[in-house]
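**Q** Below is the structure I would like to discuss, written out as C-alpha cells.
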Amino acid sequence: MVRLYLFAEGQTEQTFADNLIKPHLAQYQVYMHNPMLIAHARKKGYVHRGGGGNYTPMKNDIIRFLKQEKSSDVLFTTMIDLYAIHPDFPGLAEAEVVRQDPFKRVEFLEQRFAEDIDDQRFIPYIQLHEYEAYLFSDPACFEYLSSGNTKGIEALQAIVSQYQTPELINDGLQTA
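Using this note's numbering, the letters of the sequence shown map in sequence onto residues -18 to 157.
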C-alpha cells in the first residue's frame, strides 16, 4: 500500500481532501494521511498555516516531512491555488511568458516546484484557480440542496456555459 501526505493551502482544501480525496484513493490502495495545512509564516513560535503566504515556510514544511519519512512507498503532494501565489514561488517570474496559457503556466510552475524540492517522491499539484471553481464543474449537483429553486442552478449554468472550463471563471481579484 502506498502512503500519501497532502499539504493543503487552506482549510477548505484540507476538508475537501479529507472528505473526498482520501476515501477515493483508499479504493486504490493509497492511504492518505490526514491533510496538513501548509505553514506560510513563522513568528516567535507562532506558525501561520493556510491561505496564501511565503514560499519558504511551505518548502521547509515539505522538506521536513520528506526527511522524516525515508521510505520509497511514501509520496508527497500539495493542493495549492495558482491565484495570488506568493511572488517568491520558484519560477513565477519566468512563467509570465506563458501567462496566456494557464495550463502551461501551471505545468511550468509544478516543474519548478518539483525541481526546488528535489525529491522524486514529491509530486506537486497546483490548482489553476481557487478550490471554489470545482463548484462550477456540475451546477446540477446542487439540486438536492435547492428545494426546487432552479433559478440559482440556471444562473450557475449560464456562467459555466461562457467558459471552456470552470477553472477559467475566476481569474481576477473581484472573481477569485
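Heads up, the beta-carbon is just placed ideally off N, CA and C, and yes, glycines get one too.
#1: Assuming PHE84 and ILE43 form a contact by the criterion Cβ under 8 Å, report the distance between their Cβ atoms to the nearest whole angstrom.
#2: Just to confirm before moving on: does the CB-CB distance between LEU47 and GLY72 stay below 8 Å?
#3: Check whether the Cβ atoms of VAL87 and LEU63 sit closer than 8 Å, and answer yes or no.
#4: Evaluate GLN143 with the Cβ neighbour count: other Cβ atoms within 10 Å of its Cβ, from every protein chain shown; 16 or more gives buried, anything less gives exposed.
#5: So which of ARG45, GLY34 and GLU135 has the shortest CA-CA distance to ASP69?
#6: List the endpoints of the continuous alpha helix (DSSP H) containing VAL87.
#7: Distance, Cα to Cα, VAL55 vs ASN130?
#8: In chain order, what residues of the same chain lie with their CB nearer than 6 Å to the CB of ASP97, ignoring the 5 residues before and after it?
#9: Hey, how far is the Cα of GLN(-5) from the Cα of VAL(-17)?
#10: Beta-carbon within less than 7 Å of ALA22's beta-carbon, same chain only, minus the 5 sequence neighbours each way: which residues are those?
**A** For this structure:
#1: Counted from its first residue, the sequence shown places residue 84 at position 103. Counted from its first residue, the sequence shown places residue 43 at position 62. Actually they are not in contact, since the Cβ atoms of PHE84 and ILE43 sit about 24 Å apart, beyond 8 Å.
#2: In the sequence shown, the residue the question calls residue 47 occupies position 66. In the sequence shown, the residue the question calls residue 72 occupies position 91. No, they are not a contact pair.
#3: By one-based count along the sequence shown, residue 87 stands at place 106. By one-based count along the sequence shown, residue 63 stands at place 82. It is a contact, given that the beta carbons lie within the stated cut-off.
#4: For this step, residue 143 is matched to residue 162 along the sequence shown. It counts as exposed.
#5: Stepping through the sequence shown from its first residue, residue 69 is reached at position 88. Closest by alpha carbon: GLY34.
#6: Against the sequence shown, residue 87 aligns to sequence position 106. Counting along the chain, the alpha helix (DSSP H) containing VAL87 begins and ends at 83 to 98.
#7: As a first step, residue 55 is located in the sequence shown; it is residue number 74 there, counting from the start. As a first step, residue 130 is located in the sequence shown; it is residue number 149 there, counting from the start. Their backbone Cα atoms lie some 46 Å apart in a straight line.
#8: Position 116 of the sequence shown, counting from 1, holds the residue named residue 97. These residues qualify, in order along the chain: PRO71.
#9: For the purposes of this step, residue -5 is taken as residue 14 along the sequence shown, with counting starting at 1. For the purposes of this step, residue -17 is taken as residue 2 along the sequence shown, with counting starting at 1. Spanning the two alpha carbons is a distance of roughly 20 Å.
#10: Along the sequence shown, read from residue 1 onward, the residue named residue 22 stands at position 41. Confidence at ALA22 is low in this model, with a pLDDT of 44, below 50, so the placement of that residue is unreliable and no value is reported for it.
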